[in-house]
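**Student:**
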Amino acid sequence: MNRFGITFDGKHSYRDFDLTVAEKVIGNPRKRKIKERIPFSNVVYDFSGIYGEQEYEERTLTYVFNVKDYDKIDLENKKTEVINWLLKPNKKVKLVDDYIPGYYFLAEVEENPNFDEMRYHGQLTVNFTAYPFRIAEREEGHDIWDEFNFLLDYAQETKFDVFGSLDVVLYNPGVNVSHPIINATEPMEIVKNGITYSVPIGQSQSFDFSLAPGKNGFTVKGNGTISFHFRKELI
Numbered sequence: 645m646n647r648f649g650i651t652f653d654g655k656h657s658y659r660d661f662d663l664t665v666a667e668k669v670i671g672n673p674r675k676r677k678i679k680e681r682i683p684f685s686n687v688v689y690d691f692s693g694i695y696g697e698q699e700y701e702e703r704t705l706t707y708v709f710n711v712k713d714y715d716k717i718d719l720e721n722k723k724t725e726v727i728n729w730l731l732k733p734n735k736k737v738k739l740v741d742d743y744i745p746g747y748y749f750l751a752e753v754e755e756n757p758n759f760d761e762m763r764y765h766g767q768l769t770v771n772f773t774a775y776p777f778r779i780a781e782r783e784e785g786h787d788i789w790d791e792f793n794f795l796l797d798y799a800q801e802t803k804f805d806v807f808g809s810l811d812v813v814l815y816n817p818g819v820n821v822s823h824p825i826i827n828a829t830e831p832m833e834i835v836k837n838g839i840t841y842s843v844p845i846g847q848s849q850s851f852d853f854s855l856a857p858g859k860n861g862f863t864v865k866g867n868g869t870i871s872f873h874f875r876k877e878l879i
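And the structure:
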């Protein structure tokens with residue numbers, strides 16, 4: 645028996661509800677394109693990345709669950725319990741697919757689930773509306789070797805001791821821009837691409853300071869310890 649399933653809003657489809665997965669479709673997000681055609685020509689300009697990053701539409705995750713019970717009343721009660729579990733969150737919450745280890749989605753059920761009832765069982769089709777990217781469970785810089793993926797992961801340090809000035813290189817292995825949470829033991833400055841960002845003591849996050857996909861080089865000025873906390877996001 646296939647005991648794999650999903651964990652959604654803190655509960656597992658099989659362990660908590662005895663549901664098995666009959667079918668699933670992990671949809672991919674569509675790029676959000678902003679185009680303009682030059683009048684009286686075949687030239688089309690794409691302005692989608694004018695601010696440095698490609699935007700994506702939300703993605704759809706579809707799961708078809710087998711719901712079984714040999715009593716019609718109990719089957720109806722189980723269906724009600726499952727639907728209430730799925731529809732309870734009023735925002736996107738964590739969804740973990742057992743077959744996609746190391747990552748999670750942020751998802752919400754917005755549409756009414758469809759229940760195809762048979763004699764003693766039925767199939768419940770559920771469409772989740774999800775954030776475009778799957779998010780790594782582990783922060784970048786973790787040293788858990790057994791979980792390291794040679795195709796998708798990057799080994800790097802994300803915590804640095806600074807004495808006056810230090811050139812730092814961080815890699816964002818994801819496809820989406822990341823805005824890291826920064827912890828600093830003393831006030832510092834970050835100089836990146838000619839722009840200076842002030843870093844206060846303690847924990848902070850600024851949407852002005854970001855890590856583009858790939859290599860990011862910058863200089864940290866100050867005296868103390870600074871660490872960067874971020875997760876890669878992949879399609």
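Numbering (the numbering used here), first residue to last: 645 to 879. Note that CB positions come from ideal geometry on N, CA and C, so glycine has one too.
Let me know if glycine 858 comes out buried or exposed under the rule of 16 or more other beta-carbons within 10 Å of its beta-carbon.
**Tutor:** So glycine 858 counts as exposed.
**Student:** Got a sec? Which residues, its chain only, sit under 6 Å from aspartate 805 by beta carbon, not counting five neighbours each side?
**Tutor:** Excluding residues within five positions, the ones whose Cβ falls inside 6 Å are Thr869.
**Student:** Considering only the alpha carbon of each residue, which of Asn816, Asn860, Thr863 and Tyr658 lies closest to lysine 712?
**Tutor:** Lysine 712 has its Cα closest to that of Tyr658, out of Asn816, Asn860, Thr863 and Tyr658.
**Student:** Decide if the region 793 to 802 is in contact with the region 849 to 857; the criterion is three or more beta carbon pairs, one per stretch, under 8 Å apart.
**Tutor:** Cβ pair count under 8 Å is below three, so no.
**Student:** What number of angstroms, rounded off, separates the C-alpha of glycine 654 from the C-alpha of leucine 814?
**Tutor:** Distance between the alpha carbons of glycine 654 and leucine 814 is about 33 Å.
**Student:** Buried or exposed: which applies to serine 842, given that a residue is buried once 16 or more other Cβ atoms fall within 10 Å of its Cβ?
**Tutor:** With fewer than 16 other Cβ atoms within 10 Å, it is exposed.
**Student:** Looking at the structure shown, is isoleucine 879 part of a helix, part of a strand, or coil, going by DSSP?
**Tutor:** Three-state DSSP puts isoleucine 879 in coil, outside helix and strand.
**Student:** Please specify which runs of the beta strand (DSSP E), each continuous and at least 3 residues long, are wholly inside the region 734 to 809, giving them in chain order.
**Tutor:** Whole beta strand (DSSP E) segments, 3+ residues: 737 to 741, 747 to 753, 758 to 761, 765 to 774 and 778 to 780.
**Student:** Checking the sheet assignment: what are the DSSP bridge partners for threonine 869?
**Tutor:** Answer is Asp805.
**Student:** Could you tell me the boundaries of the alpha helix (DSSP H) in which lysine 677 lies?
**Tutor:** Where lysine 677 is concerned, there is no enclosing alpha helix (DSSP H), given that its DSSP letter is neither H nor E.
**Student:** Between phenylalanine 872 and histidine 656, what straight-line distance do the alpha-carbon atoms span, to the nearest angstrom?
**Tutor:** Using only the alpha carbons, I get a separation of about 32 Å.
**Student:** Could you tell me whether the region 751 to 765 touches the region 660 to 676, where touching means 3 or more Cβ pairs closer than 8 Å?
**Tutor:** The region 751 to 765 is not in contact with the region 660 to 676.
**Student:** If you measure from the CB of tyrosine 841, is any heavy atom of the ligand SAM nearer than 7 Å?
**Tutor:** Among the components modelled here there is no ligand, and therefore nothing to report on the ligand SAM.
**Student:** What do you reckon, are the CB atoms on tyrosine 707 and isoleucine 650 nearer than 8 Å?
**Tutor:** Closer than 8 Å, so yes.
**Student:** Give the single residue among Gln767, Lys738, Arg647 and Phe862 whose Cα lies nearest to the Cα of threonine 773.
**Tutor:** The residue with the shortest Cα to Cα distance from threonine 773 is Lys738.
**Student:** How many angstroms separate the CA atom of leucine 730 from the CA atom of glutamate 680?
**Tutor:** C-alpha separation (whole angstroms): 41 Å.
**Student:** Could you compute how far the alpha carbon of alanine 887 sits from the alpha carbon of histidine 786?
**Tutor:** This structure does not reach residue 887, given that the chain is present from 645 up to 879, and the question cannot be answered.
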